[in-house]
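Residue numbers (the numbering used here): 248 to 404. Every residue gets a Cβ at the ideal spot worked out from N, C-alpha and C, and that includes glycine. Working notes for the structure below.
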């Protein structure tokens, strides 16, 4: 039984799992969006959210700590220069998992994982919704009475 075991081993050894999560985190930071399985995305969320929180404070210690996890200078530079500026006001929840269709080969549940502040489609302002009408006044607002215009014969002549 797996009572109290919170880590998903993903069918890999510890070193393979840490290398895979490090590579996936670097790819997510560099490309802002990756496609993977749902299980890997949930494991990656637990791995990368603390790193994103640590990137809010830009000092040597936090850079070295994040580099020890990512092992990629380019992704650390982008994380501290670009990404941390966008997530500075966000209190948490930096990633979003959007489920996709199952994979054709093995029917695995696939998803798209993205950084929340980089989705330009969802960040655009939506038009204001119209106010909701009450059900009681349904007939009053929808029907308009048209008064017939009676023309007199004097106006025609």
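Item                                                                                                                                                              : Value
Report back the beta-carbon spacing between residue 288 and residue 255 to the nearest angstrom; my notes put them in contact at under 8 Å.                       : Actually they are not in contact, since the Cβ atoms of residue 288 and residue 255 sit about 11 Å apart, beyond 8 Å.
Going by DSSP in three states, residue 344 sits in which element: helix, strand or coil?                                                                          : strand
What number of angstroms, rounded off, separates the C-alpha of residue 259 from the C-alpha of residue 352?                                                      : 20 Å
In chain order, what residues of the same chain lie with their CB nearer than 8 Å to the CB of residue 410, ignoring the 5 residues before and after it?          : Because the chain spans 248 through 404 in this model, residue 410 falls outside it and cannot be assessed.
Report all residues from its chain with a CB closer than 7 Å to the CB of residue 294; omit the five preceding and five following residues, and keep chain order. : 268 and 272
Which of helix, strand or coil does DSSP assign to residue 379?                                                                                                   : coil
According to the neighbour-count rule (16 or more other Cβ atoms, all chains shown, within 10 Å of its Cβ), is residue 329 buried or exposed?                     : exposed
Is residue 311 helix, strand or coil when you go by DSSP?                                                                                                         : helix
From this set, 280, 332, 274 and 343, which residue's C-alpha is nearest residue 304's C-alpha?                                                                   : 332
Out of curiosity, what's the CA-to-CA distance linking residue 252 and residue 339?                                                                               : 24 Å
Taking buried to mean at least 16 other C-beta atoms within 10 Å of its own C-beta, is residue 361 buried or exposed?                                             : buried
Under a Cβ-count criterion, where at least 16 other Cβ atoms within 10 Å of its own Cβ denotes burial, should residue 302 be classed as buried or exposed?        : buried
For the beta strand (DSSP E) containing residue 361, name the first residue and the last one.                                                                     : 357-362
Taking only runs of the beta strand (DSSP E) that begin and end inside the stretch 255-295, which ones reach a length of at least 3 residues, in chain order?     : 280-284
Just curious, the alpha helix (DSSP H) that residue 322 is in, first and last residue?                                                                            : 320-325
Determine, using beta carbons only, whether residue 319 comes closer than 7 Å to chain B.                                                                         : Included in the structure is just one protein chain, with no chain B present.
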